[in-house]
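Have a look at the structure below before the remarks.
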Amino acid sequence: MYVGALELDVLLGDVHSLKQKRSAVRPVLAELRKRFDVAVAEAGHLDLHRRALLGVSAVAADAAHITDVLDACERLVAGRPELELLSARRRLLGPDD
Numbered sequence: 004m005y006v007g008a009l010e011l012d013v014l015l016g017d018v019h020s021l022k023q024k025r026s027a028v029r030p031v032l033a034e035l036r037k038r039f040d041v042a043v044a045e046a047g048h049l050d051l052h053r054r055a056l057l058g059v060s061a062v063a064a065d066a067a068h069i070t071d072v073l074d075a076c077e078r079l080v081a082g083r084p085e086l087e088l089l090s091a092r093r094r095l096l097g098p099d100d
């Protein structure tokens, strides 16, 4: 069993309140869940209205599948016009960890 985790630090565009931030982040999280069957959450920068840290995780039988899924998630977020992807960190845990 392999577990993959991806942290995406994003900068939001024209957002001036935490309420606007939620309305910008929520559809991205829902699309990631629906398209890639991953667990996602807003995991950081909760008190900043223009930044968000998105956490994505997946479990699979092989590491290659985890890598493909996390790559696709990162591309989806990077391709969103309302977001600017500042950084991405990835972790992969396998049976030997």
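In the numbering used here, the protein residues as written are 4 to 100.
From the three backbone atoms N, C-alpha and C, an ideal C-beta is built for every residue, glycine too.
Computed from a predicted model, the values in this text were never measured in an experiment.
Look at the Cβ atom of residue i, then the Cβ atom of residue j, and state whether they are nearer than 8 Å.
{"i": "Cys-76", "j": "Val-59", "result": "yes"}
{"i": "Leu-88", "j": "Val-80", "result": "yes"}
{"i": "Val-28", "j": "Leu-96", "result": "no"}
{"i": "Leu-32", "j": "Val-43", "result": "yes"}
{"i": "Leu-14", "j": "Arg-54", "result": "yes"}
{"i": "Leu-11", "j": "Ala-91", "result": "yes"}
{"i": "Pro-98", "j": "Met-4", "result": "yes"}
Can you give me the Cβ contacts of residue i inside the same chain, cut-off strictly under 6 Å, excluding the 5 residues immediately before and after it?
{"i": "Arg-94", "result": "Ala-8"}
Tell me the rounded alpha-carbon separation between residue i and residue j.
{"i": "Leu-56", "j": "His-48", "result": "6 Å"}
{"i": "Asp-40", "j": "Val-72", "result": "9 Å"}
{"i": "Gly-16", "j": "Leu-86", "result": "6 Å"}
{"i": "Val-18", "j": "Asp-74", "result": "27 Å"}
{"i": "Leu-21", "j": "Gly-82", "result": "23 Å"}
{"i": "Gln-23", "j": "Arg-38", "result": "24 Å"}
Report the three-state DSSP secondary structure of residue i (helix, strand or coil).
{"i": "Glu-34", "result": "helix"}
{"i": "Asp-12", "result": "strand"}
{"i": "Ser-90", "result": "strand"}
Residues in the same chain with beta-carbon distance under 8 Å from residue i, minus the five sequence neighbours each way, listed in chain order, please.
{"i": "Glu-45", "result": "Val-28, Leu-32, Ala-55, Leu-56, Leu-57, Gly-58"}
{"i": "Ala-64", "result": "Met-4, Tyr-5"}
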